[in-house]
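Numbering (my numbering), first residue to last: 2 to 141.
Ideal placement from N, C-alpha and C gives every residue a C-beta, glycine not left out.
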């Protein structure tokens with residue numbers, strides 16, 4: 002279940018993208034969005050520094066949210082989380098990993114490095130995906 006930390010961090014990290022793309026942020030909508038999803042805390046030395054929200058259904062693992070505090074970004078934490086998600090997807094017999102990301106979010110580069118390809122574009126978002134079998138074969 003999402004927490005006040007999750008709402009605050011996601012709002013801080015995503016507020017500029019929401020404004021740039023004309024989307025209104027709602028704490029309540031975000032909390033509702035997290036219900037019945039797999040929610041993981043990212044911690045370093047006992048301090049929560051991020052979160053991951055996943056959905057696994059019909060052989061698809063969807064990365065719904067991956068947030069890291071700004072002061073911890075660029076230190077390999079996102080890559081570590083993706084590696085963990087890939088293993089989790091394989092363990093759950095998923096055929097695909099999918100995610101959505103704003104077109105102007107630098108995280109697009111991280112996802113491309115991990116072999117995600119753009120499946121569709123629209124509304125300022127990229128829908129990206131990658132077959133799980135390619136994760137196992139490529140080491141990512």
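Spatial neighbours of residue i in its chain, beta-carbon cut-off 8 Å, leaving aside the 5 residues before and after
i, result
"residue 28", "8, 12"
"residue 73", "45, 50, 51"
"residue 10", "51, 52, 68, 70"
"residue 25", "19"
Beta-carbon contacts of residue i that lie in its chain and below 7 Å, excluding the five residues immediately before and after
i, result
"residue 75", "none"
"residue 90", "62, 98, 133"
"residue 125", "22, 103, 104"
DSSP three-state assignment for residue i, whether helix, strand or coil
i, result
"residue 122", "strand"
"residue 88", "helix"
"residue 74", "coil"
"residue 137", "Caution applies to residue 137, whose pLDDT of 49 falls short of 50 and renders its modelled position unreliable; the value that the coordinates give is listed next. Residue state, collapsed to three classes: helix."
"residue 12", "helix"
"residue 51", "strand"
"residue 38", "coil"
"residue 101", "strand"
Counted within 10 angstroms of its Cβ, other Cβ atoms place residue i as buried (16 or more) or exposed
i, result
"residue 71", "exposed"
"residue 37", "exposed"
"residue 64", "buried"
"residue 21", "exposed"
"residue 94", "exposed"
"residue 103", "buried"
"residue 66", "buried"
Closest by C-alpha distance to residue i, when choosing among the options
i, options, result
"residue 41", "23, 85, 15, 61", "85"
"residue 43", "61, 109, 78, 31", "78"
"residue 147", "5, 23, 111, 105", "It is not possible to answer for residue 147, since the shown part of the chain is limited to 2 through 141."
"residue 87", "35, 56, 109, 107", "56"
"residue 123", "3, 15, 101", "101"
"residue 33", "15, 17, 4, 107", "4"
is_contact[residue i, chain B] using C-beta, thresh 8 Å
i, result
"residue 9", "The displayed structure is made up of one protein chain only, and chain B is not part of it."
Contact test: residue i Cβ vs the ligand HEM heavy atom, cutoff 7 Å
i, result
"residue 100", "Of ligands this structure carries none, so the ligand HEM is not represented either."
For this session: Take every Cβ of the segment 125-133, pair it with every Cβ of the segment 33-49, and state whether three or more of those distances are shorter than 8 Å.
Result: Between the segment 125-133 and the segment 33-49 there are fewer than three C-beta pairs closer than 8 Å, too few to call the two in contact.
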